[in-house]
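Read through the structure below, which is laid out as structure tokens, and then see the notes.
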Amino acid sequence: MQDDPQKREIVNRRNFSFRLNLFFFATFFVFSVLIVRLAILQFVEGPSLREEEEKRGSKDVLIPPIRGNIYDSGGSPIAYSTSTQSLHYSIEPGTKKADSIAMAQKLFEVFQKYGNPKTAVTLEQIIKNMDLDYKKNTVTVPRRIKSGLTQDEIAYFMENRDLYQGIDIVEESIRHYDTSKFAVQLVGYLKKFGGGAENNLYKDRAKTDDPRLKYLQQEDVGYDGLEYMFQDVLRGKNGLKTYPVNAASRVIGPPVITKPEKGDNIYLTINRHVQEVTEQAIMDQLHFLQTTPDRDRHEDNAKTGYAVAIEVKTGKIIAMASMPDYNPNIWEGGKISTEDYDMISNVLQNGTISPVIGPYKDPKEQRKHPSSVVFLGSTQKPLSILIGLNEKLFTTNQTYTDTGSFYYGREGSTRRRIGNAKGHVYGVLDPAKAIAKSSNPFMAKMVGDALYRKDSDKGVAIWDSYVKQFGLGADTESGLLNESKGVIGYFHEEEAASAQSALILASFGQMGRYTTLQLAQYAATLASHGKRMKPQFVKEIRDADGKVVQSFQPEVLNTINFPEKYWDEIETGMLNVSVTEFNNAPYKVLRKTGTSQQQVSGATVENSVFIASAPAEDPVIAVAVVIPEGGFGAYGAAPVARKILDAYDDAIGMNGVPKKPKTPVNPPTTGTGTTGTPAGTPAGTTTENGKTDTTQ
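In our numbering, the protein residues as written are 156 to 851.
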């Protein structure tokens, strides 16, 4: 039976209608789900999604801060920063190297047209500064292309910003230093942050995630001296340009600006007049020693000098000079040529706190000369007397007859003689007179040998304990980078020879080499009757508005308690040390000369050492002067000390009332100067192992 066509048509229509309704229902269901999902996204998940989008939707570009200034005690600038406009280039994600090179060509053409011909940069320099191979920077770090933009260059880029993708103009600072070369090694210098990968301070700073504290690779940072010591204070905080970006990290709008915070300013304890006099006095004295026809004073190899002046009661450093020095503006821009570095390498370090050898380029020649860390020689003797008195090795009234020689050791080849230079015989000496005459046999017999015989096992350790309380062989706690603790030799001598030998040689200053700062701290500790003060270089820190944010108070590191009569005894001796340089001084001076002998490459050299404090009745200032290979302490170092003390009296005043400087002080010369003042007659001498060792 055949199907009825009409019925088949009806069935087909019903099936089509069902399928159509099913399709519409499915479509309605799908759209309903989509609408509900969109509603959930907008009203439920929308805020959190927008927050997440905002996290991905911005990019910070750092604006380096202006570095704080460094001023002397009177408020005159020593190191200061000026602002300049620099062009930076940021590599956008997805940027091809060829596109960056094309950008470099465009920049080169702009610089050629609008820039200063004297500061022109080449196309090769621009490409190098872009760091397209990421040798110095990650992709997100802006590259400095050129500093010191002209007003025409700035105006052009501001007007045509849209044509230069990734380009930004940033205000930066350039460091300048006093052209008179003021306290150069103490102040320090700046280098690029990117060059400090091995520096522990900058390793630590590189770990921060705080964008306001993060360093730029091309940022100038402190690398030595106070610039390094107060880096965190001087630097300030970054500013930010926060750009909105799309999902592809491309900038899509203007930035939000967070201004940088200028670094704080530091005001030093260094007095300009005293510092300048100190620097000039050293250079004058070096010239005098090298050129004088006086055979007793002539020293061809006296080519470096070091001096520190410290206030006895506060620890404030009034002057610190390491001479010769150099012009620190050679570091302008945070970098230096190889030729310039070679020229200053011998005077770059601070010889008052670390070993520095004279201006000798040849390593073989360098090995023939001592560094700035020298044996203290007879400047040791006031402390030796204090040790002897406190250990009850003798009394203030006890005497010793100096026959010109003291022998120790077994008879034969190991027998050793300690004597006075030029065969001097001083006769009957009490402790004070032993200091005044600088008797080596007295120190050897009454202190060194006596301490050994009192306690042969612990004698050297006892000695070490005493000298370190006065800062010799100990950290001065100045905080300066690369400061040496000195070189103590008595433990080695005890092992290699004997405790007796170690103590005897130490008693007149031939077992310890110390820095000039250590000697100044030691001199101040003697003058204060046992209060060792922390050296301080900064009196206060002020913000950019001039508000004091931190001030520094005197800090006692340790106190040595001796009976007052012991201090009186050494002061009597120091007052009577014969140095004609101080015969006409308007104030009384506690002083001690030293002329230490040192074996260098098989030859014997003599270093000139001098310590002093004034006024003797109530010392306020102490000085230490070291002239390596400068001969007698009274000849080489004492004239410098006299000029420093006079300058202090002029500028600050021994009694707290300053006298005005008599004449202006010119910047120190670099190799020659006016003839130095001849020193007085040396007061005492030393012979070690039968050889003259003029530690006086």
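All C-beta atoms, glycine included, are put in the ideal place defined by N, C-alpha and C. Here the structure is a predicted model, which means the values were calculated and not measured.
So what's D276 in DSSP terms, helix, strand or just coil? The question names Asp, but residue 276 is Val in the sequence shown. In this structure, V276 counts as coil in the three-state DSSP scheme.
Can you tell me whether R222 is buried or exposed, with buried defined as 16 or more other CB within 10 angstroms of its CB? Buried is the call here.
Counterpart residues of Q240 in DSSP-defined beta bridges: BP columns for Q240 point to E326.
Would W599 and S533 be called neighbours here (beta carbons separated by less than 7 Å)? The sequence as given places Ala at residue 599; Trp does not occur at that position. Not in contact: A599 and S533 (Cβ atoms no closer than 7 Å).
Mapping the DSSP letters down to three states, classify G532 as helix, strand or coil. helix
Measuring alpha carbon to alpha carbon, tell me which of Q306, T748, H524 ends up nearest E454. The closest CA to that of E454, considering only Q306, T748, H524, is found on H524.
Enumerate in chain order the residues of its own chain whose CB-to-CB distance from D495 is below 7 Å, with the five nearest sequence positions on each side excluded. I485
Same chain, Cβ closer than 6 Å to S706, five either side skipped, listed in chain order: E695
Below 7 Å between beta carbons: does that hold for Q691 and K468? no
Boundaries of the alpha helix (DSSP H) in which P586 is found, first to last residue: 586 to 592
Identified DSSP bridge partners for V812: In the DSSP output, where bridge partners are listed per residue, V812 has none listed.
Three-state secondary structure (DSSP) at Q435? helix
Would you call G785 buried or exposed, if buried means 16 or more other Cβ atoms sit within 10 Å of its Cβ? buried
CA nearest to the CA of K747, picked from D449, A259, P794: P794
If you run the structure through DSSP and keep just helix, strand and coil, what is S768? strand
Taking the runs of the beta strand (DSSP E) that are 3 residues or longer, which of them lie wholly in the segment 450 to 493? 460 to 466, 472 to 478
With DSSP collapsed to three states, give me the class of Y669. Here Y669 sits in strand by DSSP.
Counting Cβ pairs, one atom from each stretch, are 3 or more of them under 8 Å apart for the segment 213 to 231 and the segment 398 to 413? The answer is yes - the segment 398 to 413 touches the segment 213 to 231, with three or more Cβ pairs under 8 Å.
Can you tell me whether D610 is buried or exposed, with buried defined as 16 or more other CB within 10 angstroms of its CB? exposed
Would P608 be called buried (16 or more neighbouring beta carbons within 10 Å of its own) or exposed? Reading off the sequence shown, one finds Arg at residue 608, where the question assumed Pro. With a threshold of 16 other beta carbon atoms within 10 Å, R608 falls short and is exposed.
Are the beta-carbon atoms belonging to I282 and A259 less than 7 Å from one another? yes
Leaving out five residues before and five after G564 in sequence, what residues of the same chain have Cβ atoms less than 6 Å from its Cβ? R570, R571
Output needed for G582: all residues of its chain with C-beta closer than 8 Å, excluding positions within five of it in sequence on either side, in chain order. T556, D557
Taking the C-alpha atoms as reference points, what is the distance between G728 and P586? C-alpha separation (whole angstroms): 8 Å.
Jot down the residue ranges of each uninterrupted alpha helix (DSSP H) in the segment 302 to 386, minimum 4 residues, whole runs only, in chain order. 306 to 314, 339 to 342, 355 to 360, 380 to 384
Coarse secondary structure for S751, derived from DSSP in three states: strand
When the Cα atoms are used, what is the spatial distance from G749 to S733? Rounded to whole angstroms, G749 to S733 spans 12 Å at the Cα level.
So P514 and P479 are supposed to be a Cβ contact under 8 Å. How far apart are they, rounded? 7 Å
Consult DSSP for T827 and reduce its assignment to one of helix, strand or coil. Because the pLDDT at T827 is just 37, under 50, the model does not fix this residue reliably, and the point stays unresolved.
Alpha-carbon to alpha-carbon, L531 and A128: For the chain, the structure presents residues 156 to 851; residue 128 sits outside this window and is missing.
Would I136 and A777 qualify as a contact pair, given that the criterion is a beta-carbon distance under 7 Å? A query on residue 136 cannot be resolved here, the shown segment of the chain reaching from 156 to 851 and no further.
As an exercise, report each continuous beta strand (DSSP E) stretch of at least 3 residues that is fully enclosed by the segment 389 to 426, in chain order. 394 to 399, 411 to 413, 420 to 423
Leaving aside the five residues before and after G303 along the sequence, list all residues of the same chain whose C-beta is less than 6 Å from its C-beta, in chain order. T239, T274
Residues in its own chain within less than 6 Å of E374 by CB, not counting five upstream and five downstream? P219, F348
Residues near I715 in its chain [Cβ-Cβ closer than 6 Å; skip 5 each side]: Q624, G685
Please classify P272 as buried or exposed, where buried requires at least 16 other C-beta atoms within 10 Å of its C-beta. exposed
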